[in-house]
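Student:
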Amino acid sequence: MLDQLKYQPIHSIPESGEITAKSPSNIALVKYWGKKPIQIPTNPSISFTLTNCFTKTSISFKKSNSFSFNFTVKGVAKPSFIPKIESFLDRIKKWCPFLFYYQIDIDTENTFPHSSGIASSASGFSALSLAIVELEQKITGITNENKYLKASFLSRLGSGSASRSLYGPAAIWGHHKNISSTNDHYAIAYHDLHENFKNYQDTILLIDKGTKKVSSTVGHELMHNHPFSKERFLQAHNNLENMISVLQNGDLDKFIEISESEALTLHAMMMTSKPYFILMKQGTLSAIELIWSFRKESNIPLSFTLDAGANVHLLYPLAYKQQVLDFIGSELIVYCENQQYICDEVGSGANIIRASYA
Ligand code: 2P0
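Take any residue in the sequence shown, count from 1 to its spot, add 467: that is its number in this note's numbering.
Have a look at this one:
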């Protein structure tokens, strides 16, 4: 299956150029939590692709006798990101050997604040990977639909959840025996959404913008020898299958049940790891209680999900946007750091903004 993603060598490569790609973040409905080397998920996951939270990444490249790279955020050097990018470049070398004939400057910017607690690795690695595959297609002259698959494949080697950011409105990553084309190496697009989920909203309450005490990489690691891992992986397979039925038939009650259970199970896994840890804050729990009361009283199908952090993602149909924003303004905003929240919605994935070659 991976043969189609191999680099097809040719003899001439551009002297220099610049490619800019844009890719959004995503929010998992069925969560990826646990992996095997190298970046192989222990269960399949599905996410909504977002729109407003995105990363724009430019790679400038110049032919050189020795490979080197620079990494900046809006022109400012960020040495703390270098080890993760070095490890990514090392992993993709075999798949993109052409990259190593260049000196590369990578410059990136996020629309969401870096310290907002929203992972920039999903949008960041997917934007960078798409730019690299764009260069590959320029070199090989092969332009086909494998572009996004390969970008997803490379993204996965940077950060697992990044593999799902390439396409909208949703993406599935990880093999499921009953869902065709699913595999552990790259994500596939999922399009079959019921009308109820078109333009579905994700309003993100920024409960805690600090750096997490335990990184996702460490959290994934703790699923090895976890007392409940076997059951959890089985549950995720079942939830994925059920979630796909829900996305097709528009059953919002079932959507709420699966997505909230997934969020709480993710955090339950953290709380039962060895060592155990908690990433939710008091504001996270207060917001969840209020969401449940609001849903009961208003009958509005508002649900929540959580990422590996304290922030709360409010999921709801576009038709209820005003009521939900009023509810946030009157009851939830006190739990948001600096009263900040981000309005986002389901989107269409990554794309190339600009490419020039010399
Ligand atoms: C997800 N998360 O499915 C899950 C749910 C967070 C909670 O994937 O080690 O940054 O880079 O592969 O992708 C966050 O983990 O981890 C994550 P790595 P990643 O979105």
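Each residue gets a CB set at the ideal place from its N, CA and C atoms; glycine is no exception. Computed from a predicted structure; not experimentally measured.
Starting from Trp500 and walking both ways along the alpha helix (DSSP H), at which residues does that stretch end?
Tutor: On the sequence shown, position 33 is the one that residue 500 refers to. Annotation: Trp500 is outside any alpha helix (DSSP H) and is labelled neither H nor E by DSSP.
Student: Give the DSSP-derived three-state secondary structure of Phe592 in the structure shown.
Tutor: Here residue 592 corresponds to residue number 125 of the sequence shown, with the count starting at 1. DSSP places Phe592 in helix when its eight states are reduced to three.
Student: Within a Cβ cutoff of 8 angstroms, which residues of the same chain sit near Pro564, ignoring the five residues on either side of it in sequence?
Tutor: Residue numbering aside, residue 564 sits at position 97 when the sequence shown is read from its first letter. Hits under 8 angstroms: Tyr474 and Pro476.
Student: Give the DSSP-derived three-state secondary structure of Asn650 in the structure shown.
Tutor: In the sequence shown, the residue the question calls residue 650 occupies position 183. DSSP, read as helix, strand or coil, puts Asn650 in coil.
Student: Answer yes or no: do Ile585 and Phe528 have a C-beta to C-beta separation smaller than 9 angstroms?
Tutor: In the sequence shown, the residue the question calls residue 585 occupies position 118. In the sequence shown, the residue the question calls residue 528 occupies position 61. No. Outside cutoff.
Student: Does DSSP put Val540 in a helix, in a strand, or in coil?
Tutor: Numbered from its first residue, the sequence shown carries residue 540 at position 73. Residue state, collapsed to three classes: strand.
Student: How long is the line joining the alpha carbons of Ala730 and Asn577, rounded to whole angstroms?
Tutor: Residue mapping note: residue 730 aligns to position 263 of the sequence shown, counting from 1. Residue mapping note: residue 577 aligns to position 110 of the sequence shown, counting from 1. Rounded to the nearest angstrom, the two C-alpha atoms are 25 angstroms apart.
Student: How far does the beta strand (DSSP E) with Asn818 in it reach, from first residue to last?
Tutor: Numbered from its first residue, the sequence shown carries residue 818 at position 351. Where Asn818 is concerned, the enclosing beta strand (DSSP E) stretches over Asn818 to Tyr824.
Student: Quick one: using the 10 Å Cβ neighbour count with 16 as the cut-off for buried, is Leu471 buried or exposed?
Tutor: Position 4 of the sequence shown, counting from 1, holds the residue named residue 471. Here residue 471 turns out to be Gln, not Leu, going by the sequence shown. Its Cβ having fewer than 16 others within 10 Å, Gln471 is exposed.
Student: Which of helix, strand or coil does DSSP assign to Asn692?
Tutor: Stepping through the sequence shown from its first residue, residue 692 is reached at position 225. Reduced to three states, the DSSP call for Asn692 is coil.
Student: Check whether the region 809-821 and the region 633-648 touch, using three or more Cβ-Cβ pairs below 8 angstroms as the test.
Tutor: yes
Student: I'd like to confirm something about Ser740: is its beta-carbon nearer than 8 angstroms to some heavy atom of the ligand 2P0, or not?
Tutor: What you label residue 740 is simply residue 273 of the sequence shown in a count that begins at 1. No; taking the cut-off as 8 angstroms, the Cβ of Ser740 has no heavy atom of the ligand 2P0 nearer than that.
Student: Tell me whether the region 750-767 and the region 640-654 touch, counting them as touching only if at least three CB pairs, one residue from each stretch, are closer than 8 angstroms.
Tutor: no
Student: Establish whether the CB of Tyr824 and some CB of chain D are separated by less than 9 angstroms.
Tutor: Given the protein chain composition of this structure (a single chain), no chain D is represented.
Student: Do you know offhand how far Ile486's Cα is from Ala822's?
Tutor: Against the sequence shown, residue 486 aligns to sequence position 19. Against the sequence shown, residue 822 aligns to sequence position 355. Rounded to the nearest angstrom, the two C-alpha atoms are 4 angstroms apart.
Student: What residue range is occupied by the uninterrupted beta strand (DSSP E) comprising His642?
Tutor: Taking the first residue of the sequence shown as 1, we reach residue 642 at position 175. The continuous stretches of beta strand (DSSP E) do not include His642, and DSSP gives it neither H nor E.
Student: Assuming Glu812 and Asn663 make a contact with CB atoms under 8 angstroms, what is their CB distance in whole Å?
Tutor: Mapped onto the sequence shown, residue 812 falls at position 345. Mapped onto the sequence shown, residue 663 falls at position 196. The pair is not a contact, with the Cβ atoms about 14 angstroms apart (cut-off 8 angstroms).
Student: With a threshold of 6 angstroms on Cβ separation, who are the neighbours of Tyr783 within its own chain once the five nearest residues in sequence on each side are excluded?
Tutor: To locate residue 783, count along the sequence shown from 1; it is residue 316. Cβ neighbours of Tyr783 within its own chain (closer than 6 angstroms, five residues either side excluded): Gln668, Leu769 and Val791.
Student: Below 9 angstroms between beta carbons: does that hold for Ser590 and Thr522?
Tutor: Mapped onto the sequence shown, residue 590 falls at position 123. Mapped onto the sequence shown, residue 522 falls at position 55. The answer is yes: Cβ separation under 9 angstroms.
Student: Keeping to the same chain, check which residues put their C-beta closer than 8 angstroms to that of Thr539; ignore five residues upstream and five downstream.
Tutor: For the purposes of this step, residue 539 is identified with residue 72 of the sequence shown, where counting begins at 1. Counting only residues of its own chain and dropping the five nearest sequence neighbours on each side, Thr539 has a CB closer than 8 angstroms to the CB of Lys545, Asp572, Ile573, Asp574 and Thr575.
Student: Is it buried or exposed, Asp774, if we count other Cβ atoms within 10 angstroms and call 16 or more buried?
Tutor: Indexing the sequence shown from 1 puts residue 774 at position 307. Buried is the call here.
Student: For Ser815, which of helix, strand or coil comes out of DSSP?
Tutor: Residue numbering aside, residue 815 sits at position 348 when the sequence shown is read from its first letter. Here Ser815 sits in coil by DSSP.
Student: Determine which residues share a DSSP beta bridge with Cys810 and list them.
Tutor: Working through the sequence shown from its first residue, we reach residue 810 at position 343. The partner list for Cys810 (beta bridge, DSSP) reads Thr670.
Student: Do the region 487-497 and the region 697-710 meet, that is, are 3 or more Cβ pairs less than 8 angstroms apart?
Tutor: yes
Student: If I measure Cβ to Cβ from Gly542 and keep anything under 8 angstroms in the same chain, skipping five residues before and after, which residues do I get?
Tutor: As a working note, residue 542 is residue 75 in the sequence shown. Closer than 8 angstroms at the Cβ level, and outside the excluded window around Gly542, lie Asp574.
Student: Return helix, strand or coil for Tyr568, following the three-state DSSP convention.
Tutor: Within the sequence shown, the letter at position 101 stands for residue 568. For Tyr568, the three-state secondary structure derived from DSSP is helix.
Student: Buried or exposed, going by whether 16 or more other CB atoms sit within 10 Å of the CB of Ser531?
Tutor: For this step, residue 531 is matched to residue 64 along the sequence shown. By the neighbour-count rule (16 or more Cβ atoms within 10 Å), Ser531 is not buried but exposed.
Student: What is the rounded straight-line gap between the Cα of Gly608 and the Cα of Ser593?
Tutor: The residue given as residue 608 occupies position 141 in the sequence shown. The residue given as residue 593 occupies position 126 in the sequence shown. Cα to Cα, Gly608 sits roughly 22 angstroms from Ser593.
Student: Based on the DSSP secondary-structure assignment, which residues constitute the bridge partners of Ala488?
Tutor: On the sequence shown, residue 488 is found 21 positions in, with the first residue counted as 1. In DSSP, Ala488 forms a bridge with Thr524 and Ile819.
Student: How big is the Cα-Cα spacing for Tyr802 and Glu603?
Tutor: Numbered from its first residue, the sequence shown carries residue 802 at position 335. Numbered from its first residue, the sequence shown carries residue 603 at position 136. The alpha-carbon atoms of Tyr802 and Glu603 are separated by roughly 46 angstroms.
Student: Under 8 angstroms: does the beta carbon of Ser514 sit that close to some heavy atom of the ligand 2P0?
Tutor: Here residue 514 is taken as the residue at index 47 of the sequence shown, counted from 1. Result yes, Cβ under 8 angstroms from the ligand 2P0.
Student: Less than 8 angstroms between the CB of Lys498 and some heavy atom of the ligand 2P0, yes or no?
Tutor: The count along the sequence shown starts at 1 and reaches residue 498 at position 31. Yes; taking the cut-off as 8 angstroms, the Cβ of Lys498 has a heavy atom of the ligand 2P0 nearer than that.
Student: Taking only heavy atoms of the ligand 2P0 into account, decide whether any of them is closer than 8 angstroms to the Cβ of Ser588.
Tutor: Locating residue 588 in the sequence shown gives position 121, where the first residue counts as 1. At least one heavy atom of the ligand 2P0 is nearer than 8 angstroms to the Cβ of Ser588, so yes.
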